[in-house]
Structures are given as C-alpha cells and as structure tokens.
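Colleague: Quick one: the structure is below, and I'll ask about it shortly.
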Amino acid sequence: MAASEGNSVLVVGLGRFGSAVAQTLNDLGQDLLAVDKNPALVARWASVFNVVEADMTDMLAVEQIDASDFDRAVVAIGDSIEASVLTAGNLLDAGLTDIWAKSVSKEHTRILQRMGVRHIISAESDAGKRIGHLIAGDYLDYIEIEGPYTVVKIHTPASMVNRTVGEAHVRERYGITVIGAITPGLPFRHGDEETVMHREDELIVLGLQDQIDRFIRE
7 MAASEGNSVL VVGLGRFGSA VAQTLNDLGQ DLLAVDKNPA LVARWASVFN
57 VVEADMTDML AVEQIDASDF DRAVVAIGDS IEASVLTAGN LLDAGLTDIW
107 AKSVSKEHTR ILQRMGVRHI ISAESDAGKR IGHLIAGDYL DYIEIEGPYT
157 VVKIHTPASM VNRTVGEAHV RERYGITVIG AITPGLPFRH GDEETVMHRE
207 DELIVLGLQD QIDRFIRE
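In terms of this note's numbering, the sequence shown opens at residue 7 and continues consecutively.
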C-alpha cells in the first residue's frame with residue numbers, strides 16, 4: 007500500500023499514544039496509514055482512518071506496505087521494547103530516516119539513539135515533568151524544549167504589572183524572552199520591548215528554568 011506524494015506519515019502501534027497521534031494527524035488532513043498487529047485495534051479504528059493489520063517487526067510486512075514511500079514514521083509501540091527496536095530498525099533499513107519513536111525508559115532511549123532514530127518521545131517522563139510543574143503552582147503551562155530551555159505560561163509577576171518589557175529590562179536582568187502576552191478577551195500579542203504586562207495578562211516566556219523562577223519571584 008504505497009503512500010501518495012507529499013506529507014505522508016506511517017504510524018505503527020495503536021495503543022493510547024499511537025491512536026491519539028493517528029487521530030490528530032488524520033484530523034489535520036495528513037496522508038496517514040496506521041498499522042497494528044492486533045486485529046481488535048485494527049477493527050476499532052478502521053472506520054476512522056486508514057489502518058492495516060501487520061507485524062512490523064517482520065521486514066516482509068514493512069516491504070508489503072511500501073513503508074519506504076512514506077515521508078516519516080511514528081513508532082508508537084510501548085508494550086515491548088524489543089518490538090519497538092525491531093520496528094525502528096526495519097524502517098531505517100527500508101530507507102526511512104525521519105522516524106519518531108516512543109521511548110519507555112532511559113535504556114530504550116539509548117538504544118534508539120544509537121540506531122540513529124532522529125526523534126525520541128519520552129511520553130510518560132515528559133508528561134510527569136509537566137504535571138509536576140503545574141502542580142507546584144507557579145506555571146500555568148510548561149513545555150520543555152531541546153536543550154536546557156523551557157517555554158512556560160505564567161501570570162504577570164506583581165513587580166512587572168503595568169510595565170513594558172523594555173522598561174523592566176526583562177532580557178538584560180533575567181535572561182529570558184517574553185514571546186507574547188494574552189489578555190483575557192483579546193487576541194494574542196507578540197512580545198517586544200513595547201509590550202505592556204498587565205495584571206490580568208498571561209505571559210508566554212522562554213528561558214532557563216532558574217531564570218524564569220527568578221523573574222516570577224522578584
């Protein structure tokens with residue numbers, strides 16, 4: 007089953023994570039094919055998006071669905087590290103280089119990295135970090151990006167109320183960047199030196215975590 011030309015995605019594994027990825031891609035109009043070896047899962051999603059039953063740890067199955075014709079693949083297998091690694095290896099051997107793979111442990115991540123998998127998703131670890139930060143109460147939302155930087159949504163700190171980003175010397179004093187501001191009921195405002203930080207605003211900021219924490223508390 008060959009993919010059409012364009013932005014095509016192969017999703018392998020239809021557990022909770024994989025099915026959520028597949029549903030989102032389908033809703034976004036992506037050229038999608040999902041694969042799972044479990045006939046019950048295939049039957050469940052057959053009316054929602056394109057799905058076939060196959061065991062992608064078998065190179066013959068990889069060849070039969072023309073996996074090499076896809077632009078990228080998501081290996082969403084989480085119940086078996088062996089199956090995840092074999093599937094990723096088969097896709098790499100088929101010539102797919104843009105692979106996103108779910109990892110369930112540090113060891114799993116290390117193996118995938120050594121194989122040359124380009125994008126590794128530590129779903130449970132990432133979710134745990136995010137929830138921990140939200141529970142702590144300082145952040146309204148939290149995204150950890152590559153490297154040491156994070157993007158967070160926060161309330162305007164009391165010391166910053168009604169000041170512009172430039173007046174408060176936010177970049178110079180704290181090393182962070184105000185990406186934008188959200189005032190309830192108004193459109194998103196991109197951040198610049200003239201951005202006024204109102205009491206009711208939610209600020210989207212980028213920086214090191216200790217820099218952001220200092221900005222909130224000073």
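Positions of the beta carbon are idealized from the N, C-alpha and C atoms, including for glycine.
Every value quoted in this text rests on a predicted model; they were computed, and no experiment measured them.
Could you spell out where the alpha helix (DSSP H) holding His114 opens and where it closes?
Modeller: That run of the alpha helix (DSSP H) goes 112–121.
Colleague: On the CB-based measure, 16 or more other CB atoms within 10 Å of its CB, does Lys112 come out buried or exposed?
Modeller: Flag for Lys112 reads exposed.
Colleague: Where does Arg169 fall in DSSP's three states?
Modeller: Residue state, collapsed to three classes: strand.
Colleague: How many whole angstroms separate the CB atoms of Asp77 and Asp104, which I take to be in contact at a CB cut-off of 8 Å?
Modeller: Asp77 to Asp104, Cβ: 6 Å. Contact.
Colleague: Using beta-carbon positions only, say whether Gly95 and Phe23 come within less than 9 Å of one another.
Modeller: Not a contact, by the Cβ cut-off of 9 Å.
Colleague: Suppose you measure from the CA of Ala46 to the CA of Arg120; what does that come to, to the nearest Å?
Modeller: Roughly 33 Å between the two C-alpha positions.
Colleague: Taking the alpha-carbon of Val41 as reference, which of Val80, Asp33, Asn13, Leu34 has the nearest alpha-carbon?
Modeller: Looking at the Cα atoms, Val80 is the closest of the given residues.
Colleague: Looking at the unbroken alpha helix (DSSP H) that takes in Leu34, where does it start and where does it end?
Modeller: Where Leu34 is concerned, there is no enclosing alpha helix (DSSP H), given that its DSSP letter is neither H nor E.
Colleague: Look up Gly21 in the DSSP assignment and say whether it is helix, strand or coil.
Modeller: DSSP places Gly21 in coil when its eight states are reduced to three.
Colleague: From the DSSP output, which residues share a beta bridge with Ser14?
Modeller: Paired residue(s): Asp37.
Colleague: Compute the Euclidean distance between the alpha carbons of Thr162 and Pro154, then round it to the nearest angstrom.
Modeller: Rounded to the nearest angstrom, the two C-alpha atoms are 23 Å apart.
Colleague: Taking the alpha-carbon positions, what's the Ile222 to Ser128 distance?
Modeller: Rounded to whole angstroms, Ile222 to Ser128 spans 28 Å at the Cα level.
Colleague: So what does DSSP say about Asp216, is it helix, strand or coil?
Modeller: Three-state result, Asp216: helix.
Colleague: Would you mind stating whether Leu97 and Ala73 have Cβ atoms separated by less than 9 Å?
Modeller: Against a cut-off of 9 Å, the Cβ pair of Ala73 and Leu97 comes out as a contact.
Colleague: Just how far apart, CA to CA, sit Gly213 and Val27?
Modeller: Taking the straight line joining both Cα atoms gives about 28 Å.
Colleague: Mind checking which residues open and close the alpha helix (DSSP H) that includes Tyr180?
Modeller: From DSSP, the alpha helix (DSSP H) with Tyr180 extends over 176–180.
Colleague: What residue from Val17, Ser86, Val176 has the CA that sits closest to Val48's CA?
Modeller: Minimum Cα distance to Val48 is reached at Val17.
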